[in-house]
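In our numbering, the protein residues as written are 3 to 421. Note that beta-carbon positions come from the ideal geometry of N, C-alpha and C, so glycine has one too. What follows is one structure encoded as C-alpha cells, with my remarks underneath.
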C-alpha cells in the first residue's frame, strides 16, 4: 500500500516537472528536510527571542546584538568564501575540500584575532570593560566557530539534505537552549556573550568531526578551490560589513535600547527570509551542473514563482504582526510599525537566486562588480539616512538596497554570454 502511494506521488511529481521545469523529486526530498530544519530553527529562535524580550533589559539585549554584529564584521576579514567553494567542489567529487578549506580558513584567521584585540584595547582605554571583554571573547571563538562550520557546506555538496537537516538543527538549537537557560539566571551581558560564543564553538566542533566520521571524505582536492575561495572572500568583505553595519551605527547614534527595538523589528523578517534560503541551498549544487544557457531558460520562471510565494507571506505577516508582538514581545510594541514596513524587503529576496547562478559558474567579473558596488551603496545609504532619520532611515536603506540587489543581479545574469 505504502509503495503504491509512493509511486503515485513520484508520478505526480514527475508530471508537474513539465510545468515547473524543475527536478521536483529532488526539490521535494531535499526541500522537506531543509524545511524541517528551518522550522525547528525558527521555533528555537522564537523561544530565544521571547526569553530575551521578557527576561533581559533592552540595554543588555542591545549590547548583545552590537557585539554579535561587530564580531560578524570582524569575521569578514578571513576566508569566508571557503564555504561556497566547498559546496561546489564536493558536488563534483572533490571531498578533500572540507579539510583543505577548514585548514586554510584557520590559517587566515589572524586578521580576526588582531582586529578583535585592537577593538578590545580601544574599549579598555575608554573605560568600557563590558565591550572590551566581549570582543576578546569574540576574537578567541569566532575563528573556531566559522572554521568548523563548513561541515554544513560539505553535506550540502553531497546533497544529503536529511543529514544536513539534523546537523543544522543541532547547530541552531543547542546554543539557543543554552542561552535561554542562561538568561533565566543572569542578565550580565558579558556572561550571555561568553555562553553564546562558547556554546557555538563546542557545537560546531562536535558536528564537524561527526561529519568526518560519517562520510570519511576522500582526499581529492580541486586546485582551483582555494584561489576561488580567496576571490569570493575578497568580494565578501564589503558584503559582510554591509549586512551588519546597521546595528553598529544604530548602537553608535541611537544607543543600546533603540538597537533592541530595531533588532526585534528585524528578527521575524530574518526568520522569514530563511524560507528563501531553502531553494537557494537546494539550487547551488544543481546550478553547478547545468550550463548557463539552460539556466537562462529555466531560472527566471522559478524566481517568479518564488516571488509570488514570498508576496503571500509578506501580506500575511503585515496583517498578523501586531498580534504576534502583543503576545510574544509586549515590551517591544514600538517595533511593530518598523517590522511591518521592513517586511516589504522580502519581496526582493528571490533575486539572490541570480547571484547563486553566477557563483555556481564562477562568473568572477560579474560577481566582483555586483559584490563591490552593492555593499558600498548599502553602507552609504546607512551612513546618510540613519543619522538623518533614525530607525526609519535604517529601514529605508534596507528596502532600497534589497531592490537594487535584485535589479543588479538580474542585469548581470542576463548579460552573461555563453562560452
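Residue state for residue 97 is assigned as coil, using DSSP reduced to three classes. DSSP places residue 352 within a helical segment (H, G or I) once states are collapsed to three. A residue is called buried when at least 16 other Cβ atoms come within 10 angstroms of its Cβ; residue 40 meets this threshold and is buried.
Taking residue 220 as the centre and dropping the five residues before and after it, the same chain places the C-beta of 97, 98 closer than 7 Å to its C-beta, in chain order.
Distance from the CA atom of residue 165 to the CA atom of residue 157, rounded to whole angstroms, is 7 Å. Closest in alpha carbon position to residue 251, among 51, 75, 44, is 75.
Between residue 155 and residue 238, the CB-CB gap reaches or exceeds 7 Å. The stretch 241 to 258 makes contact with the stretch 390 to 398; the number of CB pairs closer than 8 Å reaches 3 or more. Here residue 270 is buried, its C-beta having at least 16 other C-beta atoms within 10 Å. Under the criterion of beta carbons closer than 8 Å, residue 311 and residue 355 do not qualify as touching, at roughly 13 Å. Closest by C-alpha distance to residue 240, out of 163, 262, 374, is 374.
Restricted to the stretch 157 to 206, the alpha helix (DSSP H) segments that are unbroken, complete and at least 4 residues in length are 163 to 187, listed in chain order. Annotation for residue 60: the continuous alpha helix (DSSP H) segment containing it runs 60 to 77. A direct Cα-to-Cα measurement between residue 383 and residue 114 gives close to 26 Å.
The C-alpha of residue 359 lies about 8 Å from the C-alpha of residue 415. Put simply, the backbone Cα of residue 245 is about 23 Å away from that of residue 134.
Judged by DSSP secondary structure, residue 131 falls within the alpha helix (DSSP H) whose first and last residues are 131 to 149.
Counting only the Cα atoms, residue 43 lies some 16 Å from residue 268.
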